[in-house]
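Colleague: Residue numbers (this note's numbering): 447 to 553. Note that the Cβ used here is the ideal one computed from N, Cα and C, for glycine as well. What you are looking at is a predicted structure, and each value in this text was computed from that prediction instead of being measured. Shown below is the structure under consideration.
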């Protein structure tokens, strides 16, 4: 999904951006907010959120667990920020690994 040619409403931009703010990813899902643009960003944001959740489990590993978890969380945080601004600029950035994960979600 590259730069879209169709009109994207301010509401769609808002909910697409909100999706990248951690647990707020579930709000567009719960309220069933429509739109391909929102759907695209929400699926990717959910993939990022799930990876961050899995990275939390690494904290419990001895020695390098905390380091792995912090590095992974930092990476996901930066990706989320870039994707958030991408959504605000009405662009559909296919985040390399997360986009493939997001295609597994069917909702």
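1. Check whether the Cβ atoms of residue 501 and residue 518 sit closer than 7 Å, and answer yes or no.
2. Starting from residue 510, trace the alpha helix (DSSP H) both ways and give me its first and last residue.
3. Just to check my reading of the structure: residue 459 and residue 534 have Cβ atoms closer than 8 Å, yes? What is that Cβ distance to the nearest angstrom?
4. For residue 499, name the three-state secondary structure that DSSP assigns.
5. Using 10 angstroms around the beta-carbon of residue 494, count the other beta-carbons present and answer buried if the total reaches 16, otherwise exposed.
6. Judging by CA-CA distance, which residue of 504, 476 and 490 is the nearest neighbour of residue 540?
Modeller: On the basis of the supplied data:
1. yes
2. Where residue 510 is concerned, there is no enclosing alpha helix (DSSP H), given that its DSSP letter is neither H nor E.
3. 6 Å
4. helix
5. buried
6. 490
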